[in-house]
Ligand code: GLV
Ligand code: MN
Ligand code: MN
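Have a look at this one:
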């Protein structure tokens, strides 16, 4: 082909220049870095679509008193997941279910040498939960992807919108990806009644192949999660956005108190080995120990069951849970040691025994300073007020912290109510959070390697 043939082809000026150099026998240096998409300062998410998706999600597992019971691995969870995958397709993402049961909606970036940038949340709920926990972050993450697609913005990094499975049971999907999920945990009976391994199969994963979803440290460019605050700080202070400094560590145990089952009418009061009496003292003691130290740590006995559970039988056994949370994992360990010592003393009073088995652990996770700055700058550019704050709730982001930099955006929860049908976040606050997420994703795409 001669020089005239080249000119006959309609080419961009850059491509034409390359061909000219080639035709002239001159060396050509191609840049391996594709250009960063141009910044569009007025780019915004479609807030109506987020609201419509939240309203649609509210139908799956809807409760008459409001809110949802859409526990992981329930029929409602499975049906909602199928709908979410449809929304991902509409957002020009390619959704798939990994072996752990997480939904991952992927879109290629322009630079194949870069690790993916992840953002997402969860759509499973606690029993009697609300319509915002996890759902705001999930619908907003899909919306961010759809906004980018509608404006034909191609990121440098591949993007992955992730809907983690069984967040509420203990970050099961995200901890599989970070490699923290242990095999015995697969036998845990989830709030849907299914074991985790049966549940993973039910939603399209394969518990026998969990090792294959594990991602090594450094294999993601970063992870963002938008979430409702679930506490009342932002609402009370009338602030728009919380920039999360770190996520609390959470440890949970199943505690079994063993006494002696006997007749409630014929056994004298000083002859009893009442497991429920010891458990009642245990509940009170946990509260006293945790409140006895300065700081923001919390401790809860959230579930309790007495056996055999009849009005005329002294309980011979009680099974309850113990949960401790703090930003400092060492403080959790020290509270646990104190609680066990005090529980032994309680047991001695009426001849009962305490035994503990660990349910699961979420290690505390600081957020990445670069991600915090990206979020703070995004909020400032949108004229939104911010506060740096810890997260008292657990989030999938803390599992992602094991493999890459994380950032979390909080929006206000009205009255600080969450894990309740009364949970509510205002549409305008959700739109703010989603727009911060959009800008943060674009900023991270420019700056993160
Ligand atoms: C999740 O919502 C948790 O903090 O338990
Ligand atoms: Mn949540
Ligand atoms: Mn929750």
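Numbering (this note's numbering), first residue to last: 22 to 470. Heads up, the beta-carbon is just placed ideally off N, CA and C, and yes, glycines get one too.
query                                                                                                                           : result
Any non-hydrogen atom of ligand 2 closer than 7 Å to residue 98 Cβ                                                              : no
heavy atom of ligand 3 below 7 Å from residue 155 C-beta                                                                        : yes
Proximal residues to residue 99 (C-beta, below 8 Å), its chain only, five neighbours per side dropped                           : 223 and 224
Close-in-space but distant-in-sequence residues of the same chain around residue 210 (CB under 6 Å, 5 per side omitted)         : 216
For residue 387, the three-state DSSP class (helix, strand or coil)                                                             : strand
Beta-carbon proximity check, residue 165 vs residue 403, cutoff 8 Å                                                             : no
Own chain residues within Cβ distance below 6 Å of residue 197, not counting five before or after                               : 121, 231 and 234
Option nearest residue 548 by Cα separation, candidates 460, 207, 151 and 405                                                   : Look at the range of the chain in this structure, 22 to 470, and you will see that residue 548 is not part of it.
For review: beta carbons within less than 5 Å of any heavy atom in ligand 1                                                     : 414 and 415
Buried versus exposed call for residue 290 [16 or more other C-beta atoms within 10 Å across all chains shown]                  : exposed
Cβ-based neighbour list, residue 442, same chain, cut-off 7 Å, excluding 5 preceding and 5 following                            : 84, 86, 87, 88, 149 and 151
Runs of beta strand (DSSP E) lying entirely within the region 94-164, each at least 3 residues, in chain order                  : 115-118, 124-128 and 138-143
Whole-number beta carbon distance between residue 178 and residue 466, since they are thought to touch under 8 Å                : 5 Å
Anticipated Cβ contact below 8 Å, residue 410 with residue 269, distance rounded                                                : Contact doesn't hold; Cβ gap of about 12 Å is too wide.
Among 358, 236 and 273, nearest to residue 200 - alpha-carbon criterion                                                         : 236
Spatial distance of residue 129 from residue 176 (CA atoms)                                                                     : 8 Å
Where the beta strand (DSSP E) through residue 338 begins and ends                                                              : 338-347
Residue 97 versus 126, 127, 445 and 144, residue with shortest Cα-Cα distance                                                   : 144
8 Å contact criterion, which residue 108 and residue 141 should meet: CB distance rounded                                       : Going by Cβ atoms, the distance from residue 108 to residue 141 rounds to 12 Å, so no, they are not a contact pair.
Under 8 Å between C-beta atoms of residue 260 and residue 430                                                                   : no
Buried/exposed call for residue 251, threshold 16 Cβ in 10 Å                                                                    : buried
C-alpha distance - residue 39 paired with residue 462, whole-angstrom precision                                                 : Its pLDDT being 47, under 50, residue 39 is placed unreliably in this model, and the coordinates cannot settle the point.
Nearest-angstrom Cα separation, counted from residue 300 out to residue 469                                                     : 51 Å
Cut-off 8 Å between Cβ atoms - residues of its own chain near residue 333, not counting five sequence neighbours on either side : 284, 285 and 286
Environment of residue 276 [buried if 16+ CB atoms lie within 10 Å]                                                             : buried
Strand pairing of residue 248, partner residues [DSSP]                                                                          : 431
Reduced DSSP secondary structure (H/G/I, E/B, other) of residue 216                                                             : strand
Residue span of the beta strand (DSSP E) that contains residue 278, given as start and end                                      : 270-279
Proximity of residue 389 and residue 437 at Cβ, strictly below 8 Å                                                              : no
Sequence-distant residues of its chain with Cβ nearer than 6 Å to residue 82 (five each side left out)                          : 89, 90, 91 and 97
Cβ-Cβ distance between residue 365 and residue 335 below 8 Å                                                                    : no
beta-carbon residue 188 near ligand 2 non-hydrogen atom, thresh 7 Å                                                             : yes
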